[in-house]
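Chemist: Before I ask anything, here is the structure I am working with.
Residue numbers (our numbering): 537 to 921.
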């Protein structure tokens, strides 16, 4: 079963809860009013564009990533936090990625909550099972937050925001587009807010289902624009260079479902940019660089991990085998290829107190540039090059 189909199943209970929440209120209070937009969005000010840049996300390449704009509902709901818009990356395609969401953030201060589905079970689990973070967005001005992967996690559902029903799209017969990028945007026609965006990196089969959880309000009209990247350039081009379509529909008690069968009645949906783009990343350091610039001068010559073939020798010719996929006394490998944050070497050079003394033990700590080299080498696969 595909990842997005699993999510369609797993969020079924959330739909029912959200319908109850918006229809009946919380904790015996009076019926809730989602107001303009899903929460405090809309109003007199136009929605703002979001350009969110992520870097060093190597541990999460190939995983489902969900990004939510969450606001304060102005006291209309006992839960205080309310979902405004949501972006899905299915999956994250690269360690560096720029997410674009035009007209996706209402005026006022908001949180940008996001998680990577580390255990790949198709639903959110509190950290460290999944990795999740929060960034505060300003009340006005351009929104171009940047994020470099770290292990300072936030449980983004404590408390969970109030939300509506799910947006579901059942797609059939798209045989001409298997292997191509497929992107969907959902616009609230009342508030002009882009409440949902789904970026499917590659269509796996002619028939599939995708879900954007929690973005639909009952009785609200939405425009749903979507395209398949026929020419394969990674962004939108007017038909017939790409194939694009539009639907207009109204949210029901449990959300909104669009059933789409492939056809050639195209619409120029006018996207000025794609929902995201890969950010070029400099080549990862080689192990030869790690050895000559860090291990030999700071670990071998300092006397902590000398040559001679001992089990902890970090001398040239022995270091790689003693590090990569080699068990440590801490329950994880000295180096886990592709995952610096679960590698003893990196955790020790940054001084994580759960992993004993900082490396190197004698002399000055490694510079930020040197620790970044080790992290980047590990996250790129810890190659013996």
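All C-beta atoms in this analysis are idealised placements derived from N, C-alpha and C, irrespective of residue type, glycine included.
Between 865, 868, 727, 833, which lies nearest to residue 852 when the distance is taken from Cα to Cα?
Modeler: Measuring from the Cα of residue 852, the nearest candidate turns out to be 833.
Chemist: For the pair the stretch 633-648 and the stretch 742-754, tell me if three or more CB-CB distances fall below 8 Å.
Modeler: no
Chemist: State the start and end residues of the unbroken alpha helix (DSSP H) segment that holds residue 805.
Modeler: Run containing residue 805: none; DSSP gives neither H nor E here.
Chemist: Whole angstroms are fine: how far does the CA of residue 837 sit from the CA of residue 661?
Modeler: 45 Å
Chemist: Start and end of the beta strand (DSSP E) containing residue 786?
Modeler: 779-786
Chemist: Measure the C-alpha to C-alpha separation of residue 691 and residue 769 and round it to an integer number of angstroms.
Modeler: Straight-line Cα distance between these residues: approximately 36 Å.
Chemist: Distance check for residue 906 and residue 849, CA to CA, integer angstroms please.
Modeler: 20 Å
Chemist: Check whether the Cβ atoms of residue 870 and residue 881 lie closer than 7 Å to each other.
Modeler: Closer than 7 Å, so yes.
Chemist: Measure the alpha-carbon distance for residue 806 versus residue 778 and round it to whole angstroms.
Modeler: 12 Å
Chemist: For residue 761, collect the residues of the same chain with a Cβ closer than 6 Å to its Cβ; drop the 5 residues on either side in sequence, then sort them by chain order.
Modeler: 721, 782, 805
Chemist: Taking three-plus beta-carbon pairs below 8 Å as touching, is the stretch 655-675 in contact with the stretch 629-639?
Modeler: Cβ pair count under 8 Å is below three, so no.
Chemist: Please report how far the alpha carbon of residue 656 lies from the alpha carbon of residue 623, in whole angstroms.
Modeler: 17 Å
Chemist: From 815, 653, 756, 619, pick the residue whose C-alpha is nearest to that of residue 699; which is it?
Modeler: 619
Chemist: What number of angstroms, rounded off, separates the C-alpha of residue 909 from the C-alpha of residue 896?
Modeler: 15 Å
Chemist: For residue 765 versus residue 733, is the C-beta spacing smaller than 7 Å?
Modeler: No, the Cβ-Cβ distance between residue 765 and residue 733 is not below 7 Å.
Chemist: How should residue 607 be labelled, buried or exposed, when 16 other C-beta atoms within 10 angstroms of its C-beta is the threshold for buried?
Modeler: Around the beta carbon of residue 607, 16 or more other beta carbons lie within 10 angstroms, which makes this residue buried.
Chemist: Identify, in the order they occur along the chain, each residue of the same chain with its Cβ nearer than 6 Å to the Cβ of residue 798, setting aside the five sequence neighbours on each side.
Modeler: 709, 710
Chemist: If I follow the unbroken alpha helix (DSSP H) through residue 910, where does it start and stop?
Modeler: 904-915
Chemist: Which partner residues of residue 637 appear in the DSSP bridge assignment?
Modeler: 586
Chemist: How big is the Cα-Cα spacing for residue 697 and residue 822?
Modeler: 44 Å
Chemist: Just to confirm the assignment: which complete beta strand (DSSP E) runs, minimum length 3, are found wholly within the stretch 698-728?
Modeler: 701-708, 718-724
Chemist: Report yes if the CB atom of residue 628 is closer than 7 Å to the CB atom of residue 659, and no otherwise.
Modeler: no
Chemist: Quick check on the DSSP output: the alpha helix (DSSP H) that includes residue 826 runs from which residue to which?
Modeler: For residue 826, the enclosing alpha helix (DSSP H) begins and ends at 823-826.
Chemist: Can the beta-carbon of residue 685 be found closer than 7 Å to that of residue 820?
Modeler: no
Chemist: Our contact map puts residue 704 next to residue 747 with C-beta atoms below 8 Å; I'd like the distance itself, whole angstroms only.
Modeler: 5 Å
Chemist: Which value, in whole angstroms, describes the spacing of the CA atoms of residue 808 and residue 677?
Modeler: The C-alpha of residue 808 lies about 20 Å from the C-alpha of residue 677.
Chemist: My understanding is that residue 759 touches residue 794, with C-beta atoms under 8 Å, so please give their C-beta distance in whole angstroms.
Modeler: Residue 759 to residue 794, Cβ: 11 Å. No contact.
Chemist: Could you work out which residue in 855, 649, 835, 626 is closest to residue 588 when comparing CA atoms only?
Modeler: 649
Chemist: Does DSSP classify residue 646 as helix, strand or coil?
Modeler: Strand, per DSSP.
Chemist: Look at the alpha carbon of residue 803 and the alpha carbon of residue 887, and state the distance between them as a whole number of angstroms.
Modeler: 56 Å
Chemist: Which word fits residue 787, buried or exposed, when buried means at least 16 other C-beta atoms lie within 10 angstroms of its C-beta?
Modeler: buried
Chemist: Closer than 6 Å by C-beta to residue 876: which residues in its own chain qualify, once you throw out the five before and the five after it? Chain order, please.
Modeler: 882, 911, 914, 915
Chemist: Can you list, in chain order, the residues of its chain whose CB lies under 8 Å from that of residue 775, leaving out five sequence neighbours each side?
Modeler: Cβ contact annotation for residue 775 (same chain, cutoff 8 Å, sequence separation greater than five): 802, 803, 804, in chain order.
Chemist: Let me confirm a value: residue 879 is counted as buried when at least 16 other C-beta atoms fall within 10 Å, else exposed. Which label applies?
Modeler: Buried, because 16 or more other Cβ atoms sit within 10 Å of the Cβ of residue 879.
Chemist: Take the Cβ of residue 818 as the centre, count every other Cβ of all protein chains shown within 10 Å, and call the residue buried at 16 or more, exposed below.
Modeler: exposed
Chemist: DSSP three-state call for residue 856: helix, strand or coil?
Modeler: helix
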